[in-house]
Amino acid sequence: DAGITQSPRHKVTETGTPVTLRCHQTENHRYMYWYRQDPGHGLRLIHYSYGVKDTDKGEVSDGYSVSRSKTEDFLLTLESATSSQTSVYFCATLAGTGANTGELFFGEGSRLTVL
Amino acid sequence: DAKTTQPTSMDCAEGRAANLPCNHSTISGNEYVYWYRQIHSQGPQYIIHGLKNNETNEMASLIITEDRKSSTLILPHATLRDTAVYYCIVRGPNTGNQFYFGTGTSLTVIP
Chain Z
28 DAGITQSPRH KVTETGTPVT LRCHQTENHR YMYWYRQDPG HGLRLIHYSY GVKDTDKGEV
88 SDGYSVSRSK TEDFLLTLES ATSSQTSVYF CATLAGTGAN TGELFFGEGS RLTVL
Chain G
221 DAKTTQPTSM DCAEGRAANL PCNHSTISGN EYVYWYRQIH SQGPQYIIHG LKNNETNEMA
281 SLIITEDRKS STLILPHATL RDTAVYYCIV RGPNTGNQFY FGTGTSLTVI P
């Protein structure tokens with residue numbers, strides 16, 4: 028358990044409102060990730076971070092932005108939420124960064140509903 | 221990036237071995253095969269990984285074919301708690317530290 032906390036765990040919001048999901052880790056892991064999970068699509072990578080202020084896009088980054096001002100926090104922001112962003116969002120951290128190191132630790136997920 | 225292909229779903233009798241296949245025919249020589257599983261609505265959990273040799277740990281065994289184009293995750297004595305979605309991922313220098321999960325195989329262990 029890498030001590031990953033996601034907040035909020037559940038949120039209902041309306042179309043057009045901004046939403047920020049927070050991921051907090053206590054293991055000082057360098058890499059952090061945001062995924063979304065939808066039926067029929069599995070887990071899809073939104074954005075990831077490889078250090079403070081260092082982020083990059085994943086496979087479904089449109090409509091999302093991220094920030095990492097501290098090692099322990101990785102924020103996912105929906106500037107103007109749409110119904111298509113209704114999903115379960117998972118944060119993860121990576122223990123180690125070598126090619127032979129691949130243990131991701133996941134948070135418990137944040138369920139977002141956009142009405 | 222090497223992509224993986226997995227069956228959508230499988231069943232296995234409780235107590236029997238569960239063999240989950242994964243095809244990664246475009247894998248490069250320096251790419252590793254990783255397996256994760258996701259139980260119900262929890263976050264995915266790491267199981268095992270390997271490069272070309274077979275690997276075993278307390279959870280499972282990983283068998284990689286000699287040409288490395290496919291692999292099989294083996295749960296030797298499946299229990300009801302092994303019912304989950306299993307993801308096969310290929311990762312290496314080209315993918316860096318990005319992990320692409322796909323849709324995985326939904327394994328149901330039947331009493």
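Residue numbers (our numbering), protein chains in the order written: chain Z, 28 to 142; chain G, 221 to 331.
Think of the CB as a built atom: it goes at the ideal place given N, C-alpha and C, for glycine as much as any other residue.
DSSP on residue i, reduced to helix/strand/coil?
| i | result |
| --- | --- |
| Z/Asp65 | strand |
| G/Asp287 | coil |
| Z/Ser88 | coil |
| Z/Gln112 | helix |
| Z/Leu142 | coil |
| Z/Arg57 | coil |
| G/Arg236 | coil |
| Z/Arg95 | strand |
| G/Ser301 | The sequence given here places Arg at residue 301 of chain G; Ser does not occur at that position. It is helical. |
| G/Gln318 | coil |
| Z/Val79 | coil |
| G/Thr224 | coil |
| G/Ser178 | With chain G covering only 221 through 331, there is no way to say anything about residue 178 of chain G. |
| Z/Arg36 | coil |
| Z/Glu41 | coil |
| Z/Glu130 | strand |
Would you kindly check if the distance between the Cβ of residue j and the Cβ of residue i is under 9 Å?
| i | j | result |
| --- | --- | --- |
| G/Thr224 | G/Ile309 | yes |
| G/Ala304 | G/Ile294 | no |
| G/Phe321 | Z/Gly69 | yes |
| G/Asn277 | G/Ile284 | no |
| Z/Thr104 | Z/Val93 | yes |
| G/Ala238 | G/Leu327 | yes |
| Z/Phe117 | G/Pro264 | yes |
| Z/Glu99 | Z/Thr53 | yes |
| G/Leu240 | G/Tyr252 | no |
How would you call residue i, buried or exposed, if buried means at least 16 neighbouring beta carbons within 10 angstroms?
| i | result |
| --- | --- |
| G/Asn317 | buried |
| Z/His56 | buried |
| Z/Leu131 | buried |
| G/Glu286 | exposed |
| Z/Glu106 | exposed |
| Z/Thr120 | buried |
| G/Leu300 | exposed |
Kindly confirm or deny that the stretch 71-79 of chain Z and the stretch 87-98 of chain Z touch, where touching means at least three C-beta pairs closer than 8 Å. yes
If contact is defined by three or more beta carbon pairs under 8 Å, each pair taking one atom from either stretch, is the stretch 237-255 of chain G in contact with the stretch 296-312 of chain G? yes
Taking the runs of the beta strand (DSSP E) that are 3 residues or longer, which of them lie wholly in the stretch 241-281 of chain G? Within the stretch 241-281 of chain G, the beta strand (DSSP E) runs of at least 3 residues that lie entirely inside it are, in chain order, 252-258, 265-270.
Given 8 Å, three or more beta-carbon pairs between the stretch 42-51 of chain Z and the stretch 284-293 of chain G: no
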